Structures are given as C-alpha cells and as structure tokens.
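Protein chains in written order, with our numbering: chain F, 37 to 197; chain U, 37 to 197; chain D, 2 to 83; chain Y, 2 to 83.
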C-alpha cells in the first residue's frame, strides 16, 4: 500500500496533497450524514501576490510527511474536545503554487454557529504554529527566500491557551 | 425595471433570492480582482432536521423586501469599517426550504485571517438580530409554528458592542 | 396617507399584510394607540407587546419615531433569519 | 541506528535531507553536541539556534527528550504553513 494511502486511511479527515480542492465539494462531503448541522464555517488560505512588500511569483510548500498528518489530526481532535462539533476536515496543499491559488482548507460543521466559528479559527491558528510546513517564495527575478515565521502567529496561538 | 433588479444594482454584494447558491462559485466571485487576499472565511447556514427537539419537514422564510437589503448592506458596511477587509458578500434565501438545504451565505475576504474570521462572525450575529427575516416551521403532521427569536442570538450580538 | 405593513405572525394574527391609513398621527405611538382600539388581537400585538419591532421607511424605529404623510411603517415580531 | 532528518532551510544549509547515525546518544542534546562539531553551519543551525524546532518520532520534542535505537529525530526551523 502506498504511504499516502495508509495515511489517508489512518486520518480520513486530513489530506496533504499537491492537487487543488473544490470548496463546495469538500463542504458537501463534510456535511454528508450530518442532518442536524446548522452551521458550516470554512477557511480558505490563498497565495497572496505580495508578501512583506515584495512581489511573489511562486510559492513552494515543503512538509514533513507522517508528522504533518499526525500534527493536523491532533489539532482537529483538540478542536472537537473544546467545542461541540459535528464534523471537520483539514486539507493542506504541498508543492508549487502561484498567486491566488488555494493553499489550505479548514471546514467545520456544528449545530450552532459560535462553535463552528471558534473551532475553525482555532484550527487555523494552531496549524500555523504546529504543523510542519515551510514556505519558500520565488520572486520575479528568480531569487528565492524561505518565509520567516510570524511573531503574530505565535501570539494568535497563545490566545487559545 | 423589476424591483429585484433595482435592489441588486443598488446593493451588488447583497442577494435575497429563492434560488440555491454554490459556495465555490460565490467565493470565486468574491475573490475576483483581489489578488492580495490571503484569507477567505465563509459561513453557510443550513436547515436542521430537528429544532427545539421536534422534527422539521419544511422551513419557510419570509422577509421585508427593501428593508432586508438595506439592513444587510448596513451590517456589511459596519463590518468593513471595523476590520480591514478586501470584499464581502451576503446571500439569504427566502421561500420554502427543506432539511439540509442552504439558507444563508456570508463570505469575507481579507489579507489576514483574523479580520476575516471576526468580520464573518460579526455579520452573522448582526444578521440574526437585525435583518427582517422570519422562519416558519412545518412539522411532519402538517402543524405550523413561527420560530421564536433566541435570547442567545441577542446575547451574541451584544458581544460586539 | 401612511403605508402600514404587518409581517410574519403579525400578518396572520391581524389578518392583513398592509393597509393605507390617513396620515393623522405624529408618532408611531399615536398610530399604535389608534390601531389598538380595533380589538384585543391588535392591542396584544402592538400596544402590550414588549417585543414589538418597528421600522419606518426601512430603518429600525421605536414608538417615539415621528411619522409623516408618505411614510412606510412596519410592525413585526423579533426577527429569526440566518 | 537513529534516523535524522533536516527540513527546509536546514536541509539547504546543512546539505542533506537525512542520515542514519549510530544510536550512541541518550538525549537530543547529546546528538546535537556531536553534530555541532561538524562545522560552523551545524553549530549555528542546531546548537546556537534559539528557534530550533525538534521532533522525535513525529511528536514535538526538545533538547532533553530521550532517544533510543530506531527513533526518528527531525530538526527544522519554525513552521510557516497555512
């Protein structure tokens, strides 16, 4: 069995993939079999064409296979322990991406909106500081730069302690 | 010109309609021309098959044409004043709906995720208490009941004062 | 004339969705006082109702809001959309 | 043996993505001490780096975490996904 298949069997609500995703399709899957859902909150992170004031031509996402899926599943489980949720999914892309491309999807369904809003926000804040992904930017002149971790992301995570 | 066309020209980011909507399509439209977006938060409200412990067969949404659009646009503008946002859209369906149907969409794009999360949550909380929509439930035995306003929705709105 | 609208449970309880009334009232309060004389259901829905919601010309209003000829006044229960 | 992995800027700075080392260290700290002797870039990346991130067997770890034969130890800079 290919490693990625093993991972997807072990963590059916976590996907790390090169392919793009479709928001409507993923939200429909998330809601399947949950007829008591009243609220679905989704977050889509996208590639900005400017970072720290510089034009970005290409963004490359590297990750730590195996640890990534485990870290994302831990974050997801933590959200389910903190709030009453029906279902949730995390999809994170890897490889080369371009401005306006989708990078990450976090979608959460629950009976009431407040839980869904908090849980999706929490998952994103935790993902930003705890999931082993690294971004490298390539500028129009071909120069490359590893993206620096943001202090604001660490602050954002602390809010949930 | 039909009244609904006048309203949609006046408030291009507000739609009150009987038709269903597609999340991916709406988010794509929202992001059009905003290449500096890094975050898109969407909320979809759906018809639950149970409310206050009773099975719901049909949900009917009535509204106050003219005031609805104005109220929704006020809520949207307020969100843009409070947070730095790129774009936002509110779609609310009216007429008959059934369990698992989509009722409402609020989608917000911004450079950074925190603004998008707060703004979408704020818009939903304000919409719940300030936009003139009324829900009537029909139960499997044919009985009808107007849905009561929730005290928790009033509390949720107060948080943002 | 003033255009008066009733929504949702009010429309059903009062038996009408809208009506044109002479613009003989200076405030929403005086309009309500006159409507309440029509019967117990009108009194209950408008005069005695602590949760009554009012809009004048599509803006949230209250009992003290002034009204004039050509205005649209709407009465409705607390909203439950979303 | 211990499997040691380097990611992102560390992989580029240290010139390798992974290596097998004898399991002769009891903690991450002692492994780092040995690696730091390889040269200035190793010392900077691992020993002197306040922002060094460590994982042992896919779990977040620190310098005091114990390691044994068969473990996978990873070194990387602060994460920047999402």
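C-beta atoms are modelled at their ideal positions from N, C-alpha and C, and glycine is treated no differently.
Being a predicted model, the structure only gives us computed values, none of them experimental.
- Ranked by Cα distance from residue 85 (chain F), the first of F:56, F:113, F:116 and F:136 is F:136.
- Secondary-structure assignment with DSSP links residue 133 (chain U) through a beta bridge to U:95.
- Taking 7 Å as the cut-off, the beta carbon of residue 108 (chain F) is found closer than this to the beta carbon of residue 126 (chain F).
- At a C-beta separation below 8 Å, residue 133 (chain U) has no neighbours in chain F, since its nearest C-beta there lies roughly 12 Å away.
- As DSSP reads the structure, residue 182 (chain U) sits in a beta bridge with U:172.
- A Cβ of chain D is located within less than 7 Å of the beta carbon of residue 98 (chain U).
- Comparing C-alpha distances from residue 53 (chain F) to each of F:176, F:144 and F:96 shows the shortest one belongs to F:96.
- The beta carbon of residue 72 (chain D) sits closer than 8 Å to those of 3, 4, 24, 57 and 58, all from its chain and outside the five residues before and after it, given in chain order.
- Between residue 14 (chain Y) and residue 148 (chain U), the alpha-carbon positions lie close to 30 Å from each other.
- For residue 58 (chain U), the chain F residues whose C-beta falls within less than 7 Å of its own C-beta are 60, listed in chain order.
- Around the beta-carbon of residue 176 (chain U), fewer than 16 other beta-carbon atoms lie within 10 Å, marking it exposed.
- Residue 82 (chain Y) places its beta carbon less than 7 Å from that of residue 167 (chain F).
- When secondary structure is reduced to three states using DSSP, residue 20 (chain D) falls in the strand class.
- With fewer than 16 other beta carbons inside 10 angstroms of its own, residue 63 (chain Y) counts as exposed.
- Counting the other Cβ atoms within 10 Å of the Cβ of residue 134 (chain F) gives fewer than 16, which makes it exposed.
- Rounded to whole angstroms, the gap between the alpha carbons of residue 80 (chain Y) and residue 53 (chain Y) is 10 Å.
- Between the segment 24-41 of chain Y and the segment 51-65 of chain U, the count of Cβ pairs shorter than 8 Å is below three; the stretches do not touch.
- Closest in C-alpha terms to residue 139 (chain F), from the list F:79, F:150 and F:116, comes F:79.
- Interface flag for residue 118 (chain U) against chain F is unset, since no Cβ pair is found closer than 7 Å.
- Proximity of residue 19 (chain D) to chain U, defined by a Cβ-Cβ separation below 7 Å, is not satisfied.
- For a Cβ distance threshold of 8 Å, residue set 59 and 60 of chain Y lies close to residue 106 (chain F), ordered along the chain.
- Using a CB distance cut-off of 7 Å, residue 86 (chain F) counts as an interface residue toward chain U.
- Proximity of chain Y to residue 163 (chain F) at the Cβ level (cut-off 8 Å) is accounted for by 82 and 83, in chain order.
- At a C-beta separation below 8 Å, residue 72 (chain U) has these neighbours in chain F: 84, 85 and 86.
- Looking from the CA of residue 159 (chain F), the closest CA among F:58, F:56 and F:121 belongs to F:121.
- Beta-bridge annotation (DSSP): residue 77 (chain Y) is paired with Y:54.
- Residue 67 (chain F) counts as buried, since no fewer than 16 other beta carbons sit within 10 angstroms of its beta carbon.
- Burial check for residue 82 (chain U): the Cβ neighbour count within 10 Å reaches 16 or more, so the residue is buried.
- Residue pairing from DSSP places residue 128 (chain U) in a beta bridge opposite U:52 and U:140.
- Within chain U, no residue has its beta carbon less than 9 Å from that of residue 46 (chain D); the closest one is some 13 Å off.
- Taking residue 164 (chain U) as the centre and dropping the five residues before and after it, the same chain places the C-beta of 189 closer than 6 Å to its C-beta, in chain order.
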